[in-house]
Each structure stands twice: as structure tokens, then as C-alpha cells.
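Here the structure comes first, spelled out in C-alpha cells, and everything after it is commentary.
Number of protein chains: 2
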Amino acid sequence: MIELKVDLGERAYPILIGAGLLGKSGLLAPHIRGRQVMVVTNETVAPLFLDRLLGCLGGVAADVLELEDGERFKTLDAYARVMDALMEKRHNRTTTIVALGGGVVGDIAGFAAATFQRGVAFVQIPTTLLAQVDSSVGGKTGVNHPDGKNMIGAFHQPSCVVADIAALDTLPEREYRAGLAEVVKCGVIWSEGFFAWLEGQAAELLRRTPAAVTEIVRRSCAIKAEVVARDEREQGLRAILNYGHSFAHALETLTGYDSLLHGEAVAIGMVLAADCARRHGLLDAESVRRITALLAILGLPVRMPKGMDTESMLQVMGMDKKVVDGRLRLVLPERIGAVRVTDRIDRQALLRTLAAAIGRAAHPKTV
Amino acid sequence: MIELKVDLGERAYPILIGAGLLGKSGLLAPHIRGRQVMVVTNETVAPLFLDRLLGCLGGVAADVLELEDGERFKTLDAYARVMDALMEKRHNRTTTIVALGGGVVGDIAGFAAATFQRGVAFVQIPTTLLAQVDSSVGGKTGVNHPDGKNMIGAFHQPSCVVADIAALDTLPEREYRAGLAEVVKCGVIWSEGFFAWLEGQAAELLRRTPAAVTEIVRRSCAIKAEVVARDEREQGLRAILNYGHSFAHALETLTGYDSLLHGEAVAIGMVLAADCARRHGLLDAESVRRITALLAILGLPVRMPKGMDTESMLQVMGMDKKVVDGRLRLVLPERIGAVRVTDRIDRQALLRTLAAAIGRAAHPKTV
Chain A
1 MIELKVDLGE
11 RAYPILIGAG
21 LLGKSGLLAP
31 HIRGRQVMVV
41 TNETVAPLFL
51 DRLLGCLGGV
61 AADVLELEDG
71 ERFKTLDAYA
81 RVMDALMEKR
91 HNRTTTIVAL
101 GGGVVGDIAG
111 FAAATFQRGV
121 AFVQIPTTLL
131 AQVDSSVGGK
141 TGVNHPDGKN
151 MIGAFHQPSC
161 VVADIAALDT
171 LPEREYRAGL
181 AEVVKCGVIW
191 SEGFFAWLEG
201 QAAELLRRTP
211 AAVTEIVRRS
221 CAIKAEVVAR
231 DEREQGLRAI
241 LNYGHSFAHA
251 LETLTGYDSL
261 LHGEAVAIGM
271 VLAADCARRH
281 GLLDAESVRR
291 ITALLAILGL
301 PVRMPKGMDT
311 ESMLQVMGMD
321 KKVVDGRLRL
331 VLPERIGAVR
341 VTDRIDRQAL
351 LRTLAAAIGR
361 AAHPKTV
Chain B
368 MIELKVDLGE
378 RAYPILIGAG
388 LLGKSGLLAP
398 HIRGRQVMVV
408 TNETVAPLFL
418 DRLLGCLGGV
428 AADVLELEDG
438 ERFKTLDAYA
448 RVMDALMEKR
458 HNRTTTIVAL
468 GGGVVGDIAG
478 FAAATFQRGV
488 AFVQIPTTLL
498 AQVDSSVGGK
508 TGVNHPDGKN
518 MIGAFHQPSC
528 VVADIAALDT
538 LPEREYRAGL
548 AEVVKCGVIW
558 SEGFFAWLEG
568 QAAELLRRTP
578 AAVTEIVRRS
588 CAIKAEVVAR
598 DEREQGLRAI
608 LNYGHSFAHA
618 LETLTGYDSL
628 LHGEAVAIGM
638 VLAADCARRH
648 GLLDAESVRR
658 ITALLAILGL
668 PVRMPKGMDT
678 ESMLQVMGMD
688 KKVVDGRLRL
698 VLPERIGAVR
708 VTDRIDRQAL
718 LRTLAAAIGR
728 AAHPKTV
């Protein structure tokens, strides 16, 4: 078992990574504060892992709430259902909420933990690659508003994250690949060495060899933990983790959170941001090509979905929460391994990025 | 103008107290972070003070959301309406939410500020006595769950609190008196001197003389600020501010948040807690009499409302958020000016307190 630490002073917590951690008797006992546990999971994950999880609680009886599966259920309504369950089962402020599932479950359950009786303990058991390498670490919690992704939420750090690599064995191929997008992101924003390693290991990653999967979870969590430790509440540096995400959130909003997985939207967003960086003279064409090629070889979409238009994209991006006083801020790569966050966006360059991408999507044969 | 400081390090903020502060041009300008303001108020308060408030913003244009007036509207639905308004008006993370109204408006707007895009700036303009002396200071925000008061919420400090004493001129008598309950609470938990001063000034307080009103706001805010500065997130000391509140929340839950004002419920709760303290051998009968008498002379209810029963009270108190691992914790006075927080509650003593109070309520003539 690998143990990483997210170094946040009195809110520091461990990330435990390994194959077969779920089911280890008593693994979670040190992280259960009181005598009540509410497991929040979903209808897909529960049949696979719930029994194993219940064996980790060191004898504490748990209540369980199963939510519906999917980003379109990441709503205030689902959040209210967690509150209802906590009240109905008479949980008090020493309860521990355990999220068992992917990013949606973790975000909803985390927001419930942040706000039930003004904050209770929280444990993350991510069961998707995306959640293991990204969303379970860092304390961002929340739900979507119909008009914007993650618009409602809070920072609330878990007391422990358990990434059981074996849980990924049953992950559908498409979801696994979507998780790889955030892994590639870590390379682009932080480490050319890791990016190059990913280029070399693409075949291993697609075969999900345990060694390769463990390594991407370890490296991605280590990078994210370092960024978050330096800037917990996104006053500065942490914004680099949003590379590709302004475009991605706009795509998700416009497609109704349904046709694109988050990681797929991020893959497209990273390509768009790289292209936009090139048009700003920040990034060379070869790096754009490498980013696009790595994502494509990992089976991720790198082109705009059909039906998008420049106008709608811009409008939704204007509303995106990364806007400060009406100015769009983007994370643009300067090279593979380093990005800058800037609100000095040339509107024409951005428009050309969008128009070119939309043109390609509409007429794929003419590219 | 009196300026107090809530000493919370990087989250420190001023409380401005005075008559006629609302309408002072530019008063709030230093506390508006960006170029967007969302005023959250209610249908009762808006006609009285909204124009004056808008004159304090230093030229920043504000959007306004009027909520319905009353504790029973302190719900997730009202909170969702604030989110909808912020999204509809395209507010971003540099917006400032300004609460103009009583405790309900402040709690809802504060929770919205705590959770819109994971936290935005927040200014409190309390217009009721209860809000000026209690709920606007300290950073507790939230809404009620149908099964329990304030069960959903967050800690989120305002960047400024403005208590305009003149706003109280139009406050209905019943609401004004309800606010006095929290003032009396400050005396019981912290200062025998202040309590004795209140006993001597009861007539002035009922006449609302500006000097007396200014003094109770100043003293109550100073006491609350000191307690909150020592224990922002209620790990220990801050719990003393809940004196009377476990009983009060149970009463409010059982009466549907409608027939009792919060301050009225607190008044009854303080009498019950004092009686309970006496039955535990902590408080002498003369102090119980003084607490009861001061509340009564200020026009506050000191007896259980009709229709309550011991069973329901205990059940709801078992669910109250001041319970740790199923053990009820109560704030019990040891003398006027000092209380202790204890979970060593003698169930029989608590039952006798409730039974005696319910007996009196059911047969008032036989007391």
C-alpha cells in the first residue's frame, strides 16, 4: 500500500493507494470519528463494492443511501436526499459520511458533509479512475446548477481517501479512458517527464496493467496534493488544475451533462486550450500535436462534438466561474509541463480556436 | 458610530453600530469586493430600507431578490432561489451578497454566500433586534430541515456587519421583544453586571430609548464577538451561546416554526434550562427567579406553549444537533454570568423540568 499525504496543517489527510484495499478489515476505523456512518453511493457501484466497504468500518453499523448514477443527477435535489437520509436516520454532528463511487457521488456526499450541521467528517472511496486521480483529492465539493457546472459547493477536506486500484477492474472502458484525461492534464500542467512517461506507456495503460495504473494514480495524486497543499482554496496556483476545464464546462453545460463524460469534455477542452495557447504565441505547434496525439491514442475525443456554435460557447464561458469581474481567465500551456493562468485573452484568438474546432466538427471529412 | 471588531485573524471584520447608518453614502463601498452586488431581503423589509441601502453601495449597481418573510421560509427552496437569481443575473465569484433583513434573511443569504461558487463575499445589514444582537455576528449560516432547525449550513464570516439602530424604529413590538431574549442570554452566560443593568433598564428598553438600545446592541455584540473570536467553529466555548437553544429548537420544530418567534422560544428555553440547572443542583432558586422575572417583565413568554408533550420534546431534543453520539448536551447556568456545557444530564431531572413546564402550560390556573 502506498500512502501519500495532503499537507494541509490541521486538515492534513492521507491518500491510501493499492490493489484490494477495500475489504481490509478495520482499514477505515481510524477515520470514523463517532458511532454513525452514512455511506453515499449509487445504484451501479453498490452491488460491486458495498459489502467490501462495510467490512472496512471496524464494526460500526452504517446506513446506506443509493443515488442515481450520472452527472445529470449531481443536483441540489440529490443533495437534499442526502440531508433527508441523515435526518431520517437521526445522524448527529459526530457522524461520518463515506462516499463510495465516482466523482458525482464524491461531490454530492462531500457537499453534504460540508453542510450537514455546518460540517461533519468525510471519507472518500473513489471507484472510478477519474475520482481516484482527481476529484477525490483536494476538498472541492458541490453540485451543478442547471445553468452551470459546480456552481454550488464548498471546500471541505476529507479525513482520508482510499483508492483501491482493484475497483477499476470493473470500470467500463469509456469511463476508464475518461479518467486518463485528468492524468494527461497532470503531465501537461506539472511534469514533462510524467507526460513523456505516459506517451511511452500508452499501451500498458490501455491494457490496465496494475503497475501502470498504480503509477498513474500515485503520480496524479502526488501532483494534485502538492498543488492543493500550496493553495487550498484556489487563490492562485490551484487554478492550474482547471486546464481545459473552462472549455469543458461549457461543453458539458451545452450538451446537458449527458452525452459527454467529464473526462471526455476535459480532453477536448485541453486540446482547445492548447490550440488557443498556440494562437497566443505561448505554445509551439509540436506541443499541441503531442497533447492531441496522446489523448487520441488513449481513446479520448479531441474534437468538438456536433451541434456546438461559437456564440453559445462564448456565452457559457462568460458565465463560467473562472471569470473574474466579467473577464475570462484561461489556463494556457507555455510548454508541456508548465502552464500560466491569464485573463489577457485575445478575443479573436479564442474565436478562431472555437471556429476552427466547430468547423472541423461540422465537416470532419474536410480536415 | 461605534465600531467593534470581531478578531478572527485574516477573517476579522468590523461591526458598525449607530443610528442612521443606512443611507450614509459610500458606507459599504470598502466592503464590496467586485462590481456585482446581490441584495437579499424580504417583502417586509424592502419597502422600508432598500432605497437607503442602495445609497450606501458607492455607485455599484445591485440586483435585488425579495424572499418571503418568516422562519418557515428558511428552507432549501429559498436558498435555491438565491442561487437561481445569482445565475440568472450572471454573478461571478467576485460578487458580494448583502443580507438586508432579520435573522432568516441573514442565514439564507449567508449560506448562499458560503456556497455560491464555493464562497463569495458577504455583508450583513440586520434590521431586527434579534439579528443585530445575535444572528448577524459570528458566521453561522444555514437553513432549516423540515425535521430540525439549522440542520443545513456552513460557517461563513461576513466582511462587515452594519447595525443601524434607527431601523428598529419600525420593528413590531413582538419582534423587538423577541430580540431582547438574546440580550438577556448574553447577561446570563457572560456578565452578571450586564444582567443587573438590564434589570434596572427594563423600562427604558421597553420604551426603546436610543441610548438603551444602542447599549444593548453594543454589549451583546461585544460579548458575542469575544466568544466567537475564541472559538470560531464551536469546538468548545462557543457552545455557551446555545443557552436555552436546545429547548428552543425543539419547541420551534414541534410548533412548525410558525407560532413562536425564535426569541420567544429562546426565552422559554432559557427558563427551562435554568430550571433544569436548579434540579441538577447547579443554580440557586433565586437566580432562576431573576432570569424568569427579567424575561417576563420584558414581555417575553416564560411558559411552555400549549399542546407540547414530554415525549415529543425529548425525541426532538435527541435529534437536536447539540447531541454528541446520542448524548444530549445542555448549557446550564451555574450562576448569573456563568454557564457550563455538559452532557452529564440527569434524565429524571430533565423529565421533571419538562413535566412541570407542560403541567403549568396545560393548567395555567392551578400554578
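Top to bottom, those sequences are chains A and B. Letter by letter, the first sequence follows residues 1 to 367 of the numbering used here. Letter by letter, the second sequence follows residues 368 to 734 of the numbering used here. Yeah, the Cβ is synthetic: ideal placement off N, Cα and C, and Gly gets one too. Fair warning: this is a prediction, and the values are worked out from it, not measured in the lab.
Pick from A:Val82, A:Gly307, A:Leu294 that is closest to Phe194 of chain A, judged by C-alpha positions
A:Leu294
From what residue to what residue does the alpha helix (DSSP H) around Glu455 of chain B run?
443–455
Would you decide whether Glu455 of chain B is buried or exposed? Buried here means 16 or more other CB atoms lie within 10 Å of its CB.
exposed
Within the continuous alpha helix (DSSP H) that includes Ile291 of chain A, where are the two ends?
285–297
Quick check on Phe489 of chain B - is its C-beta less than 8 Å from some C-beta in chain A?
no
Inter-residue Cα distance where the pair is Val39 of chain A and Glu582 of chain B:
49 Å
Rounded separation between Leu697 of chain B and Leu627 of chain B - CA only:
21 Å
Return the bridge partner residues of Gln491 of chain B from the DSSP annotation.
B:Ala466, B:Val528
Which residues of chain A have a Cβ atom closer than 8 Å to the Cβ of His398 of chain B, listed in chain order?
Neighbours of His398 of chain B on chain A: none; closest Cβ ~16 Å, over 8 Å.
Quick check on Met450 of chain B: buried or exposed, where buried means 16 or more other Cβ atoms within 10 Å of its Cβ?
buried
Compile a chain-ordered list of the residues in the stretch 514–536 of chain B whose CB is closer than 7 Å to at least one CB of chain A.
Asp514, Gly515, Met518, Ile519, Gly520, Ala521, Phe522
Cβ pair His647 of chain B, Leu681 of chain B closer than 8 Å
no
With a cut-off of 8 Å on the beta carbons, I'd call Leu377 of chain A and Asp164 of chain A a contact; round off their distance for me.
As displayed, chain A neither begins before 1 nor continues past 367, which places residue 377 of chain A out of reach and without an answer.
Mind listing, in chain order, the continuous beta strand (DSSP E) runs of no fewer than 3 residues lying wholly within the stretch 129–189 of chain A?
140–145, 148–155, 160–164
How long is the line joining the alpha carbons of Thr508 of chain B and Glu66 of chain A, rounded to whole angstroms?
28 Å
With a threshold of 16 other CB atoms inside 10 Å of the CB of Ala722 of chain B, please say whether the residue is buried or exposed.
exposed
Is there contact between the stretch 570–582 of chain B and the stretch 470–485 of chain B, where contact requires at least three CB pairs shorter than 8 Å?
no
Got a sec? Which residues, its chain only, sit under 7 Å from Ala185 of chain A by beta carbon, not counting five neighbours each side?
Looking at the sequence shown, residue 185 of chain A is not Ala but Lys. Excluding residues within five positions, the ones whose Cβ falls inside 7 Å are Tyr243, Gly244, Val266, Met270.
Own chain residues within Cβ distance below 7 Å of Leu421 of chain B, not counting five before or after
Ala429
Taking Asp275 of chain A as part of the alpha helix (DSSP H), name the residues at either end of that continuous run.
262–279
Suppose you measure from the CA of Asp284 of chain A to the CA of Asp275 of chain A; what does that come to, to the nearest Å?
9 Å
Where the alpha helix (DSSP H) through Pro672 of chain B begins and ends
Here Pro672 of chain B belongs to no alpha helix (DSSP H), and DSSP marks it neither H nor E.
Would you kindly check if the distance between the Cβ of Thr253 of chain A and the Cβ of Val316 of chain A is under 8 Å?
yes
With distances taken from CA atoms, which of A:Ser287, A:Gly138, A:Tyr176 is nearest Glu234 of chain A?
A:Gly138
Bounding residues of the beta strand (DSSP E) (the contiguous stretch that carries Leu371 of chain B):
369–373
Can you give the Cα-Cα distance for Asp501 of chain B and Asp374 of chain B, rounded to whole angstroms?
16 Å
Could one say the Cβ of Glu377 of chain B lies closer than 8 Å to chain A's Cβ atoms, at least one of them?
no
Once the 5 residues before and after Asp474 of chain B are set aside, which same chain residues still bring their CB inside 8 Å of it?
Lys441, Ser502, Lys507, Thr508, Gly509, Val510, Asn517, Gly520
Per-residue contacts from Met684 of chain B into chain A (C-beta, under 9 Å)
Simply none; closest approach about 12 Å.
Inter-residue spacing [alpha-carbon to alpha-carbon] between Ala498 of chain B and Arg90 of chain A
29 Å
Looking at chain B, which residues of the stretch 65–89 of chain A have a Cβ within less than 9 Å of any of its Cβ atoms?
Leu76, Tyr79, Ala80, Met83, Asp84, Leu86, Met87, Glu88
Hey, does Phe483 of chain B have any beta-carbon neighbour from chain A nearer than 8 Å?
yes
Using a beta-carbon distance cut-off of less than 9 Å, what residues from the stretch 192–226 of chain A approach chain B?
none
Identity of the residues DSSP links to Ile15 of chain A by a beta bridge
A:Leu4, A:Val161
Show which residues of chain A have a CB atom less than 8 Å away from the CB atom of His612 of chain B.
The contacting residues do not exist; His612 of chain B stays about 14 Å from chain A at best.
Cβ-based neighbour list, Ser679 of chain B, same chain, cut-off 6 Å, excluding 5 preceding and 5 following
Leu621
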